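> Below are the structure tokens for one structure; questions will follow.
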Amino acid sequence: MENFLLFIGILIAIKFLLFCKRRLKKFNLSGKHIMITGASSGLGKELARECYYKGARLTLISRNKLALDSLLKELEPSSRKSDYGNFVQIYNTDLSKNDKFEEIVKSAESRFGGVELFVSCAGHIEVGSFLTSKQEDFREQMENNYMSLVNSLLPVAKEMCQRKKGRICIVSAAQVYMPVEGNSAWLASKAAVHAFANCIRPELNRNKVHLSIFAPGAIDTEGWEKVASKKQKYLLDIEGKPLSVEKACTELLRGISACDLYITTNPIFRFIRICSLGAAERGNSIIDILLSPFAMLTCCGVAKYINFKSR
Numbered sequence: 037m038e039n040f041l042l043f044i045g046i047l048i049a050i051k052f053l054l055f056c057k058r059r060l061k062k063f064n065l066s067g068k069h070i071m072i073t074g075a076s077s078g079l080g081k082e083l084a085r086e087c088y089y090k091g092a093r094l095t096l097i098s099r100n101k102l103a104l105d106s107l108l109k110e111l112e113p114s115s116r117k118s119d120y121g122n123f124v125q126i127y128n129t130d131l132s133k134n135d136k137f138e139e140i141v142k143s144a145e146s147r148f149g150g151v152e153l154f155v156s157c158a159g160h161i162e163v164g165s166f167l168t169s170k171q172e173d174f175r176e177q178m179e180n181n182y183m184s185l186v187n188s189l190l191p192v193a194k195e196m197c198q199r200k201k202g203r204i205c206i207v208s209a210a211q212v213y214m215p216v217e218g219n220s221a222w223l224a225s226k227a228a229v230h231a232f233a234n235c236i237r238p239e240l241n242r243n244k245v246h247l248s249i250f251a252p253g254a255i256d257t258e259g260w261e262k263v264a265s266k267k268q269k270y271l272l273d274i275e276g277k278p279l280s281v282e283k284a285c286t287e288l289l290r291g292i293s294a295c296d297l298y299i300t301t302n303p304i305f306r307f308i309r310i311c312s313l314g315a316a317e318r319g320n321s322i323i324d325i326l327l328s329p330f331a332m333l334t335c336c337g338v339a340k341y342i343n344f345k346s347r
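Rendered as structure tokens:
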């Protein structure tokens, strides 16, 4: 028994040291070619700013041409070109309908080299009661949030796997772990994104491409403000105060730098995630096992709170 406990202690210590080493290792953005979808607003826009100021070369994708043009002028005001500057290039396309994204990837890489970090921020949220919704609402959310990801990620991932190098971050949502009514169409599409990411991770790992899933809570953006205006107060109470987009961006980059499999923005979300992964790959199984009793208590408490507020 003593030998077994000693073995467990050594194993935990090794895991902890590897965890700390990964945390201390920084992912230097300077000179890296970073591709961001959904870059014209919200998290994608703030991420573009942060990466630019840290010296990255950016390929920015969005279907909002005017907003993309404005961002290019903000980042590189001296640029005389309409679609690129010295360190930024923009592409206007609707990813939900573009099944030839590889042409954009080839064009982008011909100028800045292979994509070293791909961040999928593209998406759209619509909220409302399930009983008053239409089938088209669900179809549109799947196209905007799921198919946009598939269409853009596939050619990038293929190229990264050929080079045996790259990082990918897919933006999901914390509500995948704690569903709240009124989000059925949007959250179903985000759950599809989450499951998709976990399914493709082993293939990417074999080719030395690291994948992170970012599952934030509400983020204080223009999009959130529009959605919040349509929600009842008790639903907003459940979701809590939104995180600033700057803080969300900081957490996202921190998690990418540390090679976290799952990135969240709240300690409660981290506990809930432990109970919600099932048999999916975990970042640190031993820590998850040790924290699982507290995680289960947290999950039960949050579930009771949601049910109470929803009555």
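Numbered by my numbering, the letters in the sequence shown go through residues 37 to 347 in order.
No residue lacks a Cβ here, since even glycine has one placed at the ideal position from N, Cα and C.
Just so you know, these numbers come straight off a predicted model, no measurement behind them.
#1: Does DSSP classify Q177 as helix, strand or coil?
#2: May I have the straight-line CA-CA distance separating V186 from M332, to the nearest angstrom?
#3: Identify whether G291 lies in helix, strand or coil by the three-state DSSP scheme.
#4: So N243 and C197 are in contact, right, with Cβ under 8 Å, and what is the actual spacing, rounded?
#5: With 16 other CB atoms within 10 Å as the buried threshold, where does G78 fall?
#6: Given a threshold of 16 other Cβ atoms within 10 Å of its Cβ, counted over all protein chains shown, does K340 qualify as buried or as exposed?
#7: Give the C-beta separation of S76 and L111 to the nearest angstrom, bearing in mind that I take them to be a contact with Cβ-Cβ under 8 Å.
#8: Kindly indicate the opening and closing residues of the beta strand (DSSP E) around G202.
#9: What three-state label does DSSP hand T73 in the structure shown?
#10: Tell me the residue span of the beta strand (DSSP E) that contains V155.
#11: So which of S225, A284, G218 and E258 has the shortest CA-CA distance to I342?
#12: Take T95 and list the residues in its own chain whose beta-carbon comes closer than 6 Å to its own, dropping the five residues that flank it on each side.
#13: Between the C-alpha atoms of D119 and D105, what's the straight-line distance to the nearest angstrom?
#14: When you compare the CB positions of S188 and A158, do they come within less than 9 Å of one another, or not?
#15: With 16 as the cutoff for other CB atoms within 10 Å, does E152 come out buried or exposed?
#16: Could you give the first and the last residue of the continuous alpha helix (DSSP H) run that contains N241?
#17: If you draw a straight line from the alpha carbon of S169 to that of M178, how long is it in whole angstroms?
#18: Could you tell me the alpha carbon to alpha carbon distance between C336 and F232, rounded to whole angstroms?
#19: Is DSSP giving V124 helix, strand or coil here?
#20: Once you ignore the five residues that flank Y213 on each side, which residues in its own chain have a CB closer than 6 Å to its CB?
#21: Can you give me the C-alpha to C-alpha distance between G80 and C87, rounded to a whole angstrom?
#22: In angstroms, rounded to a whole number, what distance separates the CA positions of W271 and V263?
To lay it out plainly:
#1: helix
#2: 33 Å
#3: helix
#4: 4 Å
#5: buried
#6: exposed
#7: Their Cβ separation, rounded to whole angstroms, is 12 Å, which puts S76 and L111 out of contact at 8 Å.
#8: G202 -> beta strand (DSSP E) spans G202 to V207.
#9: strand
#10: L153 to S156
#11: G218
#12: M71, Q125 and A144
#13: If you draw a straight line from the Cα of D119 to the Cα of D105, it is about 7 Å long.
#14: yes
#15: Its Cβ being crowded by 16 or more others within 10 Å, E152 is buried.
#16: S220 to R242
#17: 14 Å
#18: 27 Å
#19: strand
#20: I308, R309 and S312
#21: 10 Å
#22: In the sequence as displayed, the identity of residue 271 is Leu instead of Trp. Whole-angstrom Cα-Cα distance: 11 Å.
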